[in-house]
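Take a look at the structure below.
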Amino acid sequence: MIEFVRGELAEITPAYAVVDVNGVGYGLNISLNTYTAIQREKQVKLYVYEAIREDAYVLFGFAKPQERKMFELLISVSGIGANTARVILSEMSLNDLVQVINSDDAKTLKGVKGIGLKTAQRIIIELKDKVLQAGIVDGIDATGSEAPAASAMVGINTEVKEEAVGALTMLGFQAAISNKVVIALLKENPDMPVEQVVKQALKLVK
1 MIEFVRGELA
11 EITPAYAVVD
21 VNGVGYGLNI
31 SLNTYTAIQR
41 EKQVKLYVYE
51 AIREDAYVLF
61 GFAKPQERKM
71 FELLISVSGI
81 GANTARVILS
91 EMSLNDLVQV
101 INSDDAKTLK
111 GVKGIGLKTA
121 QRIIIELKDK
131 VLQAGIVDGI
141 DATGSEAPAA
151 SAMVGINTEV
161 KEEAVGALTM
171 LGFQAAISNK
181 VVIALLKENP
191 DMPVEQVVKQ
201 ALKLVK
């Protein structure tokens, strides 16, 4: 299983990227959200979803693990294939999609190309609880509240924050709560390494 690829961005279009990893080019289908995030970067890290079929082996790449998780949730819905999920993630930001699902806004979701009213309603019904449980956070926390303002993130090592929250989530703690605890710890001690952040957070998350 390929978890992610990290390397030089060799080629990119709004729907496709090639990442050179030690001389091997990995071709990945991407959304417009990911394209926007990486288009000016020389070195990139893309989280991978492998779509394996009898007649094809296709890789999808995502700039954020939250987007990959949303992609996986979308394709779990009957009638939503990988390409349709990518279209949804291209036409709507992760923030907007989470808000649409949380607010039962089938009308807005129906506006995405290829999504009818019944499919939009099915997505909302099947994913509303799953989105919360998965702790998909990108400007919104898993409770639907606004995430910390940009000023609250000043001085925080975002890479350490993401790794720590990811570790806590894998250990079974809610992502929204873990996110708040990790931010608080890093505000107090910005140079704390990720393993120490996780150890301290384990004493605080409930």
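Read in order, the letters of the sequence shown correspond to residues 1 to 206 in my numbering. From the three backbone atoms N, C-alpha and C, an ideal C-beta is built for every residue, glycine too. Note that the coordinates shown come from a computational prediction; the quantities given were computed from them, not determined experimentally.
Exposure label - residue i; buried when at least 16 CB within 10 Å
i	result
Y47	buried
E11	exposed
I38	buried
R68	buried
Y49	buried
R6	exposed
G2	With the sequence shown as reference, residue 2 is identified as Ile, and Gly is not the correct amino acid for it. Exposed, because fewer than 16 other Cβ atoms sit within 10 Å of the Cβ of I2.
K203	exposed
E146	Legend: pLDDT at E146 = 44, less than 50; position of this residue unreliable, value from coordinates given subsequently. By the 10 Å Cβ count, E146 comes out exposed.
L168	buried
Y16	exposed
V112	buried
N189	exposed
K199	exposed
M92	buried
Whether residue i touches residue j by CB criterion (8 Å)
i	j	result
F62	T34	yes
R40	S78	no
G104	I124	Gly is not the amino acid found at residue 104; the sequence shown has Asp there. Contact: yes.
V205	F173	yes
F70	L97	Before going on, a small fix: residue 70 reads as Met here, not Phe. Taking 8 Å as the Cβ cut-off, M70 and L97 qualify as a contacting pair.
V19	L32	no
I88	A82	no
F4	K42	no
L73	V131	yes
L117	I101	no
A164	A134	no
Q66	L94	yes
I156	I183	yes
Which residues DSSP lists as bridging residue i, in chain order
i	result
R6	K45
G166	G166 is not bridged to any residue.
G25	D20
E50	L59
E11	V18
**Prompt:** Should the stretch 182 to 196 be called in touch with the stretch 158 to 167, which here means at least 3 C-beta pairs below 8 Å?
**Reply:** The stretch 182 to 196, when compared against the stretch 158 to 167, does touch it at the 8 Å Cβ threshold.
key: Runs of alpha helix (DSSP H) wholly within the stretch 75 to 144 (minimum 4 residues, chain order)   = When DSSP assignments are scanned along the stretch 75 to 144, the uninterrupted stretches of alpha helix (DSSP H) that are 4 or more residues long and fall wholly within it turn out to be 82 to 91, 94 to 102, 106 to 110, 117 to 134.
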